[in-house]
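This report concerns only the one structure given below.
In the working numbering, the protein residues as written are 264 to 1372.
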């Protein structure tokens, strides 16, 4: 196919063709004009064979003509009706629809538009005839369509099912089973491309052209990559790739020459053996019509025409079409040179063919110099005196090769080289001299040796011309790469020249190297001066704008070559500061003033960004779900739950925005995930906010509480890392009806004192904080005398109003109270008490009375078990005592965790550290874990670190607790136990944990399996967990002072370097007592013996009782 000159140029592009044929159809008032309109449509689909719009308009117009002549339209004459029935017959109509479908069938996104219309026509015909042939034809069409990937595959399958139900009910099941099996490949192909189709459609709907182009480019690159696999699906992938290119080149990339070149390269590299380059000609004709400025496309067009063996006249017509189109000069001479390189290459190859005619040689003799002259003339016309030529001298090389190899005219060829050498554009480039040198060497070695007689001169025996060329290159003062030229020159002389020539060459090189060294020094100095000048300019710019606009100053600093480099952390800090600081308004003088109202960051709207996916396969995983939904936006969280009654699972997926969630619903509802057709709906009004429940409530308690309402999918507890007082949770139900029933439990009284609060979760509404502190009814009393009792405080403050509650804080010295909190019934009472009692004296101290403030952060929670106080055999150990030999003083840290200065004291022996606790576990739930194990005196929880420290009433209880609690699973996490040394190591390894280390395995959790607590908790399971601990502490046997559980008894004479030299330290031996100490030590027990002791809580007969154990 070659360009055909016409008086009226044809339209270019889908939109132009649609407008053109619409005008032809509008003016078609008789049969002749209607036939002419059909001819215009034929030209249109030939120019844009992949255009769905043109094909659909063509088929609809032809079908309308067929109907008109069949129904005797009044606007048609009788003769026109008779002739029209022959031209626009039913067979021609249906054949046209089929041809259109074959051209657009692999357009995944929109081919269904034409196919559905075609099938509707076929179905209309069948409803009138009801023939067996018609049923078989439509069945075949549906089978073929369902084997072809397309966006509306599910709808097509449903329509086919309805068709079979009406026309072939008895074979419905067998046919649908076969179709489903045959369509697996199509569904797999469609599924793998859905993410690209979604991004592309999303960009089209938003009207963002750049996003559409980016999505299409990514899609094309991926599709091309898939065609590399040569297997059974290679044909389908090839057709899909062609279909995608068709969409791109009739859409956003219709005038993008790079995409056309990609398409040409793809078609060229995938030519089948039965096809030749002639099949590319029509595509290349379309390409140059759309992008006439592209030299590479014209070059490919001429090459394809040459390979297809078109005549010289036809190829010359392509060249003339390029030069006669003014758009080829859009980018200067670049595109024209590309085209001329292909044209001159064609002339050279044709003339150098051994079978070439004299006419071909004559054409090359004239055409090659003419091309050089044309480019030179056009260059001077465009650039005037600035034009020097093609930097790569491509046309000159072709002409020189033709003169050398075909004509044998070395003098003319050498004249062309010298012509180039006189131009600075080439004379200053090492690459040019290298090419000239290689040509001379080729000429030298191509001369037959028989032409050289015994009288041959030195010039004839050595490549002296090539030597001269390299010498000229070395002496070119402005050469771009003199060092490389010098190396090549010396190498050539050593290989081919005589000693005297080599000597002269070395002398010349020595002089040139001196010049080159000075040149490099001068260039370095100039660069340094330019750099300094640039730096000075930047410094001046800093001085002028630093005080006016700090932002501009920062920008200049970033661009300054002499300014300090900005570290990555600084940049992140600036971003963080901009995004986290409260907005401030500027005063009159530019000073920042606090804004009257601070805007808050938007809340995380889980309820409206979450979607509920049901009917998932039971073996679904979070990874598979994330991959399936990742194209709709960033996924924040996935909760996967195994359904109890059926072999399916349900998931909750939280997206980053409401828009992403809506997109997931629109594009994934009723789609297939594996073999299951899933349902995707919004998670709004499924989540409830629940608070004011018993502190020890866990998952099982919540499920039991709301059991009558419906199925709970997930329970979300808040993190307690920075506030251990938080007591609320979020429940997500499977159905809206269940959530509605649960809301009705709002206000129910639990355990006689907790008024349950249940509301729909709404992150946009923030309820007002309640309580005495928030209402200003509570005061804090500090600096109390040690002798003051709670009754004294109540008596003093009751004079100012009714008191609801008095709470005290014990002093760390162990005597009296350090402070107290008094809660009044009314705010006015609290204000009156502060005004009257602040800075007044009570007993021996001046009171500080102030309004109680709700602390923003409470990273730890302490529980004192008052019931266990009287049972502790070591109550005196709680007091601060001076260091005694062998016993370390216990110091309580601000966090409440007791630490020992050296290991071995009784308190240390009774303390157990719990590690790897989830940060959603509060102190009440930990207490519920401990109560079944045994009595304890004190509990300190630190959710921020995922740890807790428990002080039990005795060592045996501590050992039993360590055994029973180690490895216990809670909220899918296995907790660990150890001593304070283990806790220190854990804290150093996880300075701010709260994240479980050992997540329980599993894919989808069943409802109710979220948490497992030991017996005794509110939602406890009765199943105990006995897992061997890592370390077991044992009571100390034998004589000696108070020992820690981890201190072994010393044998006679055994002393460490840290013992008291006087021997008075506890655990040491006095002179003369070594033997008695050794004899009093009983036989050591095994691990099994100690385990039995701990579990029974009783000492054996052979074991002396110590400290009540």
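Here a beta-carbon is modelled for each residue, glycine too, at the ideal position from N, C-alpha and C. On a predicted model such as this, the values are computed, not experimentally measured, just so you know.
Can you have a look at residue 1012 and say buried or exposed, based on whether 16 or more other CB atoms are within 10 angstroms of its CB?
It is exposed - the Cβ of residue 1012 has fewer than 16 other Cβ atoms within 10 Å.
Every unbroken beta strand (DSSP E) inside the stretch 898-931 [3 residues or more]
Counting only runs of 3 or more, we get 898-905, 911-918.
8 Å Cβ shell around residue 626 - same chain, five flanking residues per side excluded
575, 610, 613, 614
Looking at the ligand GTP, does it come within less than 6 Å of residue 1055, judged from the CB to the closest heavy atom?
Summarising the ligand content, the structure contains no ligands, and the ligand GTP is consequently not present.
Residues in the same chain with beta-carbon distance under 7 Å from residue 530, minus the five sequence neighbours each way, listed in chain order, please.
543, 546
To the nearest angstrom, how far is the alpha carbon of residue 234 from that of residue 879?
Not covered by the structure: residue 234. The range shown for the chain is 264 to 1372.
Write down the C-beta distance between residue 1041 and residue 947 rounded to the nearest angstrom, noting that I regard them as a contact closer than 8 Å.
With 8 Å as the limit, residue 1041 and residue 947 do not qualify as a contact, their Cβ atoms being about 38 Å apart.
Look up residue 1043 in the DSSP assignment and say whether it is helix, strand or coil.
In the structure shown, residue 1043 sits in a strand (DSSP, three-state: E or B).
Span of the alpha helix (DSSP H) holding residue 573?
Segment: none, residue 573 is in no alpha helix (DSSP H) and carries neither H nor E.
Residues bridged to residue 891 by DSSP?
According to the DSSP secondary-structure assignment, residue 891 is paired through a beta bridge with no residue.
Do the CB positions of residue 691 and residue 741 come within less than 7 Å of each other?
yes
Could you tell me the distance, in whole angstroms, from the CA atom of residue 617 to the CA atom of residue 679?
25 Å
Does DSSP classify residue 1097 as helix, strand or coil?
helix
Of the listed residues 940, 992, 942, nearest to residue 964 (C-alpha basis):
992
Hey, which unbroken runs of the beta strand (DSSP E) at 3 residues or more fall wholly within the stretch 969-1001?
975-979, 991-996
Closer than 8 Å by C-beta to residue 703: which residues in its own chain qualify, once you throw out the five before and the five after it? Chain order, please.
726, 728, 729, 732
Report the residue from 1108, 1036, 927, 557 whose alpha carbon sits nearest the alpha carbon of residue 1048.
1108
Classify residue 1223: buried if its beta carbon has 16 or more other beta carbons within 10 angstroms, exposed otherwise.
buried
Separation of residue 315 from residue 654, as counted between CA atoms:
45 Å
Helix, strand or coil at residue 941 according to DSSP, with G and I counted as helix:
coil
Candidates 1218, 1200, 1185, 1227: closest to residue 1210 by CA position
1185
Beta-ladder partner(s) of residue 226, from DSSP:
A query on residue 226 cannot be resolved here, the shown segment of the chain reaching from 264 to 1372 and no further.
Mark residue 277 as exposed unless 16 or more other C-beta atoms lie within 10 angstroms of its C-beta, in which case mark it buried.
buried
Quick one: what's got a C-beta closer than 6 Å to residue 475's C-beta in the same chain, skipping five residues either side?
466, 467, 515
Taking the alpha carbon of residue 401 as the point to measure from, which residue in 920, 419, 976, 802 has its own alpha carbon closest?
Checked all of 920, 419, 976, 802; the closest Cα to residue 401 is 419.
Please return the same chain residues whose Cβ sits closer than 8 Å to the Cβ of residue 303, not counting the five positions on each side in sequence.
283, 284, 287
Grab me the residues of residue 895's own chain with a C-beta within less than 6 Å of its C-beta, minus the 5 sequence neighbours each way, in chain order.
923, 926, 927
Restricting to Cα atoms, I'd like to know which of 502, 330, 399 is closest to residue 413.
For residue 413, the closest of 502, 330, 399 by C-alpha to C-alpha distance is 502.
Rounded to the nearest angstrom, what separates residue 1060 and residue 915 at their Cα positions?
53 Å
Cut-off 7 Å between Cβ atoms - residues of its own chain near residue 989, not counting five sequence neighbours on either side
981, 983
Does DSSP classify residue 506 as helix, strand or coil?
helix
Cβ neighbours of residue 280 in the same chain (closer than 7 Å, five flanking residues each side left out)
274, 307, 310, 311, 317
For the beta strand (DSSP E) that contains residue 1070, what are its first and last residues?
1066-1073
Is it buried or exposed, residue 620, if we count other Cβ atoms within 10 angstroms and call 16 or more buried?
So residue 620 ends up on the exposed side.
Given a cut-off of 7 Å, decide if residue 1188 and residue 959 are closer than it, judged by their beta-carbon atoms.
yes
Cβ pair count under 8 Å reaching 3, the stretch 507-523 against the stretch 550-558
yes
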